[in-house]
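**Student:** What the sequence shown shows, in numbering that gives the first Met the number 0, is residues 0 to 843, in sequence order. From the three backbone atoms N, C-alpha and C, an ideal C-beta is built for every residue, glycine too. Got a structure here, written out as structure tokens. Questions coming.
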Amino acid sequence: MVNQRTVVVVGHGMVGHRFVEALRARDEAGAWRIVVLGEESDAAYDRVGLSSYVGTWDRGELALAGNDYAGDPLVELRLGARVIGIDRAARTVATADGPIAYDALVLATGSYAFVPPVPGHDLPGCHVYRTLDDLDALRADADAASARTAEPVGIVVGGGLLGLEAANALRTLGLRPHVVEVNPRLMPQQVDAGGGEHLARMIGDLGIDISLSSGTSDISLGDHGLAVTLKDETVVDAAVVVFAAGVRPRDELAREAGLAVGERGGVITDLGCATSDPAVYAIGEVAAIEGRCYGLVGPGYASAEVVADRLLGGDAQFPGADLSTKLKLLGVDVASFGDALGTTPGALDVVVSDPIGGTYAKLVLSDDASTLLGGVLVGDASQYGVLRPLVGSSLPGDPVSLIAPAGDGSPGIGVGALPDAAQVCSCNDVSKGTLCAAIADGACTVAELKGCTSAGTSCGSCVPLLSQLLEAEGVTVSKSLCEHFTQSRAELFELVQASGIRTFSGLIERFGTGTGCDLCKPTVASILASTSSDHILSGEQASLQDSNDHFLANIQRNGTYSVVPRMPGGDVTAEQLIVIGEIARDFGLYTKITGGQRIDMFGATVDQLPLIWRRLVDAGMESGQAYGKSLRTVKSCVGSDWCRYGQQDSVQMAIDLELRYRGLRSPHKIKMGVSGCARECAEARGKDVGVIATESGWNLYVGGNGGMTPRHAQLLAGDLDRETLITYVDRFLMYYIRTADRLQRTAPWVESLDGGMDRLRAVVIDDALGLNADFEATVARHVDGYACEWKGVLDDPDKLARFVSFVNAPGAPDPTVDFGEKNGRKVPILLGSTPSMPPRKEQA
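Put into structure tokens, the structure is as follows:
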């Protein structure tokens, strides 16, 4: 092509990739040929989502769409190509394969992880948290440490965003994280002192050690790996050290080439992102735009768009940066926006702090309290989507009501309060007006809005707002289960009941399309199990189950399975304990007391499962449903039988509840707890159904859970007698099972109800739907029809036939399964591929 020019891009991260996309989308005439030089072996990937790599270890999941530019003759991508110099006079960049000429050069080299000059920082076991290769190296050391030491410690130097992500990664890898932060609070750049205090308390409750106003003064080799000396002379034995103390711009190429750089690093550019050499541009984290570096992806994308426009003759300028952030750290929502720290002269703070509920919210207002300047949200960031776009605008209501805890009756604000100019997606600079125009032009789903505006395609924090905007504009957001069923899970439940169809094939033939998928098959299997007492491995249902239900056991990391017999309320006889011990000894299983007061046996192969369960069933025990989306356990304290504080018989109540609801299939797992007094030794308020004894009866709490998004259960009714309590639990469970979405826990389900707890009380107590008799009858049929699923397998030769490690060698030992020792405990060792894997992976 005549007059075609070449632009060389140094760096193939998120911002470098965005520049290539932007230039190719605008350069219809093909005036520019693009050569991309990436130092890493991986093409552009989502570095913002780096922590999601831990656990999946699938690099492909983080790959950015179109990062290989396949089929585009104007883009040449070279990976593993490190640039070693720039000759500005000759307009070439030097690589190991020789020089490459450019007409324009774009530096997108990003940043590197800063490692404090602590003695010993370069010892084996010291890591940074920046690339996929970094995480692979960290995983190798963590696995080795776990094989040597019980609960090894991992030190994280830095308590900012990246440091807390690194702490979560260490926890996932089986280490106990210890975060060391030089500032007096966590996330000092994003949250204030009050928010930092809440954040530290909540993260500390997760079992993570925190040292604030501290630092590391020395790292040396120790008995268990590394000996880390903190600023107060405390020495911590650690398996690994992860430096997450910030980043520095990778500006070494620019420095060596004589380009102007900032005092604190970064290549100085003007608002057009041009450096001191007009043929060289800098974008992303390496660019010091008018002297300031921005470490977020949104400003980086904006700089990429500016340079693409400039190369095509435009005059775009960097529009400034929204430094707002919203993320979930270790299961805790954290968000900050605008002038979060209140540095504006005369700024006023409005704070709502709820240490019991675990939330903290602050709005920063102008000196006349009329304009929103910024804010901090910890524990509950649900209002972030509508508050952030209002920065610089007048508040639509009383500031306290905007940040009051959910469920206190405050109205909050919705997307309708936002002006059209409000920036809904800060990463891609998409306003509410642009989104409304796209909806008017026919975009009627979140996916279509993302496709035509790019909103929600980067960090994803604005996606909930897209759904709200569609609803506000009168568009009904699809609740289809999947591409094969246009109905929601609740609608499918009603169709199964009304039609009497008892097979997946019959249901999809009449109400769906295609052959089904990994979403709809297990969901329909759960609905069928919820509406009858048929065995889940009977007939066609067997092929629908996910991996755990397929073998009626929880699959473990090395391909073996766990065995969990039911112990209602933790109640077990001495004879049954003896049988469990004998089984564990005879089959070489690892045993552990679970948090739900049961004994878990780990390490059984598929062919051993029937042999183990035959002995358990003969001892009078039954399946504990630890593998199912159903009732797991009912935890109990010792109650009035033994405890001097006990007000009611919590043990018997727990036994009654567990035997009543055992095997009841539901959208997600259900856990219950019964405490004999307000001292709450069974932690009932952390359960989906919690029962706490009072002097005159029982208080019933619902909608609580632990996990990544912990919730306290809320009081449904108080001082109930036994019969009323069980009736209310019947109704609550059946209302949930009929109307919740797939894999929706009770906590978010209650929150999703129009009216929340008030609506739930109206249905469960006042029979607002007129369905309570039906709810109770359904539970009664379940109780009458319940049968132990493992006994059903043992009594059926056809079902037993599936429990072999290898189809052509029944009973043969599995060569991929082995075990090691860790402080005397048996631990699994991965030797090869997972044996006898079922057709689908377990649902989250």
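#1: Hey, could you find the ends of the alpha helix (DSSP H) Pro-796 is sitting in?
#2: Output needed for Gln-544: all residues of its chain with C-beta closer than 7 Å, excluding positions within five of it in sequence on either side, in chain order.
#3: Would you report the Cα separation of Val-239 and Arg-147, rounded to the nearest angstrom?
#4: Would you kindly work out how many angstroms separate the C-alpha atoms of His-11 and Val-241, rounded to a whole number?
#5: Do you know how far the Cα of Val-9 is from the Cα of Gly-70?
#6: Given a cut-off of 8 Å, decide if Val-105 and Tyr-280 are closer than it, judged by their beta-carbon atoms.
#7: Could you check if Gly-84 is buried or exposed, using at least 16 other CB atoms within 10 Å of its CB as the buried criterion?
#8: Where Leu-417 and Met-201 are concerned, what is the direct C-alpha to C-alpha distance, given to the nearest angstrom?
#9: Can you give the beta carbon distance from Val-749 to Gly-702, rounded, assuming they're within the 8 Å contact cut?
#10: From the DSSP output, which residues share a beta bridge with Thr-55?
#11: With DSSP run on the structure shown, which of helix, strand or coil describes Ala-303?
#12: Helix, strand or coil for Lys-790, going by three-state DSSP, please let me know.
#13: Compute the Euclidean distance between the alpha carbons of Leu-630 and Leu-658, then round it to the nearest angstrom.
#14: For the putative contact between Ala-237 and Ile-154, defined by C-beta atoms under 8 Å, what is the C-beta separation to the nearest angstrom?
#15: Going straight from the alpha carbon of Asp-353 to that of Lys-798, what length do you get?
#16: Helix, strand or coil, according to DSSP, for Cys-519 in the structure here?
#17: Is Pro-747 helix, strand or coil by DSSP?
#18: Would a C-beta distance cut-off of 8 Å place Ala-244 and Pro-115 closer than the cut-off?
#19: Tell me the DSSP secondary structure of Asp-449 in three-state form.
#20: So, for Gly-602: in the same chain, excluding its five sequence neighbours on each side, which residues have a beta-carbon less than 6 Å away from its beta-carbon?
#21: Whole angstroms are fine: how far does the CA of Leu-770 sit from the CA of Ala-528?
#22: Comparing C-alpha positions only, which one of Val-399, Val-377 and Phe-113 sits nearest to Ala-192?
#23: Are the CB atoms of Tyr-101 and Val-7 nearer to each other than 8 Å?
#24: State whether the region 331-340 contacts the region 298-306, with contact taken as three or more CB pairs (one from each stretch) at a distance under 8 Å.
#25: Indicate whether the contact test is met: 3 or more Cβ pairs, each with one atom in the region 164-181 and one in the region 265-285, closer than 8 Å.
#26: If we count the other Cβ atoms within 10 Å of its Cβ and call it buried at 16 or more, is Asp-407 buried or exposed?
#27: Give a yes or no on whether the C-beta atoms belonging to Leu-122 and Ile-218 are separated by under 8 Å.
#28: If you follow the beta strand (DSSP E) that Val-239 is part of, which residue opens it and which one closes it?
#29: Do you know whose CA, among Gly-638, Ser-110, Gln-651 and Ala-168, lies nearest Asp-135's CA?
#30: Taking the alpha-carbon positions, what's the Pro-395 to Ser-369 distance?
#31: Flag this pair as yes or no: are the beta carbons of Arg-583 and Met-566 separated by less than 8 Å?
#32: Once you ignore the five residues that flank Glu-788 on each side, which residues in its own chain have a CB closer than 6 Å to its CB?
#33: For Tyr-700, which beta-bridge partners are listed by DSSP?
#34: In terms of residues, what are the limits of the beta strand (DSSP E) holding Cys-125?
#35: Are the beta-carbon atoms belonging to Leu-719 and Val-763 less than 8 Å from one another?
#36: Below 8 Å, can you find three or more Cβ-Cβ pairs linking the region 216-236 to the region 74-82?
**Tutor:** On the basis of the supplied data:
#1: Translated into the one-based positions of the sequence shown, residue 796 becomes position 797. Its alpha helix (DSSP H) spans residues 796-799.
#2: Position 545 of the sequence shown, counting from 1, holds the residue named residue 544. Correct list, in chain order: Pro-521, Ala-524 and Ile-535.
#3: Looking up residue 239 in the sequence shown gives position 240. Looking up residue 147 in the sequence shown gives position 148. Answer to the nearest angstrom: the Cα atoms are 13 Å apart.
#4: Position 12 of the sequence shown, counting from 1, holds the residue named residue 11. Position 242 of the sequence shown, counting from 1, holds the residue named residue 241. For His-11 and Val-241, the distance between alpha carbons rounds to 25 Å.
#5: To locate residue 70, count along the sequence shown from 1; it is residue 71. To locate residue 9, count along the sequence shown from 1; it is residue 10. Approximately 21 Å between the Cα atoms of the pair.
#6: As a first step, residue 280 is located in the sequence shown; it is residue number 281 there, counting from the start. As a first step, residue 105 is located in the sequence shown; it is residue number 106 there, counting from the start. It is a contact, given that the beta carbons lie within the stated cut-off.
#7: Looking up residue 84 in the sequence shown gives position 85. Flag for Gly-84 reads exposed.
#8: Working through the sequence shown from its first residue, we reach residue 417 at position 418. Working through the sequence shown from its first residue, we reach residue 201 at position 202. Roughly 32 Å separates the two Cα atoms.
#9: Reading the sequence shown from its first residue, position 750 is the one you call residue 749. Reading the sequence shown from its first residue, position 703 is the one you call residue 702. Confirmed, Cβ separation roughly 4 Å.
#10: On the sequence shown, residue 55 is found 56 positions in, with the first residue counted as 1. Paired residue(s): none; Thr-55 is not in a bridge.
#11: Locating residue 303 in the sequence shown gives position 304, counting from the first residue. Here Ala-303 sits in helix by DSSP.
#12: Looking up residue 790 in the sequence shown gives position 791. Reduced to three states, the DSSP call for Lys-790 is helix.
#13: Here residue 630 corresponds to residue number 631 of the sequence shown, with the count starting at 1. Here residue 658 corresponds to residue number 659 of the sequence shown, with the count starting at 1. Taking the straight line from one Cα to the other gives about 10 Å.
#14: On the sequence shown, position 238 is the one that residue 237 refers to. On the sequence shown, position 155 is the one that residue 154 refers to. Confirmed, Cβ separation roughly 5 Å.
#15: Against the sequence shown, residue 353 aligns to sequence position 354. Against the sequence shown, residue 798 aligns to sequence position 799. C-alpha separation (whole angstroms): 53 Å.
#16: The residue given as residue 519 occupies position 520 in the sequence shown. Residue state, collapsed to three classes: helix.
#17: In the sequence shown, counting from the first residue as 1, residue 747 sits at position 748. Residue state, collapsed to three classes: helix.
#18: Position 245 of the sequence shown, counted from the first residue, corresponds to residue 244. Position 116 of the sequence shown, counted from the first residue, corresponds to residue 115. Result yes, Cβ atoms of Ala-244 and Pro-115 sit closer than 8 Å.
#19: Taking the first residue of the sequence shown as position 1, residue 449 is located at position 450. According to the sequence provided, residue 449 is Lys. The question's Asp does not apply to it. Looking at Lys-449 - three-state DSSP - the assignment turns out to be helix.
#20: As a position in the sequence shown, residue 602 is number 603, starting the count at 1. Answer for Gly-602: Thr-559, Leu-588 and Tyr-589, listed in chain order.
#21: By 1-based counting over the sequence shown, the position of residue 528 is 529. By 1-based counting over the sequence shown, the position of residue 770 is 771. Approximately 20 Å, taken between the alpha carbons.
#22: On the sequence shown, residue 192 is found 193 positions in, with the first residue counted as 1. It is Val-377 whose Cα lies nearest to the Cα of Ala-192.
#23: Residue mapping note: residue 101 aligns to position 102 of the sequence shown, counting from 1. Residue mapping note: residue 7 aligns to position 8 of the sequence shown, counting from 1. Contact: yes.
#24: no
#25: no
#26: Here residue 407 refers to the residue found at position 408 of the sequence shown. Model confidence at Asp-407 stands at a pLDDT of 43, short of 50, so the residue's coordinates are unreliable and nothing is read from them.
#27: Residue mapping note: residue 122 aligns to position 123 of the sequence shown, counting from 1. Residue mapping note: residue 218 aligns to position 219 of the sequence shown, counting from 1. Their beta carbons are under 8 Å apart, which means Leu-122 touches Ile-218 by this criterion.
#28: Working through the sequence shown from its first residue, we reach residue 239 at position 240. Note, Val-239: beta strand (DSSP E), 239-242.
#29: As a working mapping, residue 135 is identified with position 136 in the sequence shown. Answer by Cα proximity: Ala-168.
#30: One-based indexing of the sequence shown puts residue 395 at position 396. One-based indexing of the sequence shown puts residue 369 at position 370. In a straight line, the C-alpha of Pro-395 is about 10 Å away from that of Ser-369.
#31: Here residue 583 is taken as the residue at index 584 of the sequence shown, counted from 1. Here residue 566 is taken as the residue at index 567 of the sequence shown, counted from 1. Note on identity: in this sequence residue 583 is Ala, with Arg being the wrong assignment. No.
#32: Counting from 1 along the sequence shown, the entry for residue 788 is found at position 789. Excluding sequence neighbours, Glu-788 sits near Leu-551 and Ser-622.
#33: Mapped onto the sequence shown, residue 700 falls at position 701. According to DSSP, Tyr-700 bridges with Gly-689 and Leu-714.
#34: Here residue 125 corresponds to residue number 126 of the sequence shown, with the count starting at 1. Element bounds for Cys-125: 125-127.
#35: The sequence position of residue 719 within the sequence shown is 720, counting from 1. The sequence position of residue 763 within the sequence shown is 764, counting from 1. The answer is no: Cβ separation not under 8 Å.
#36: no
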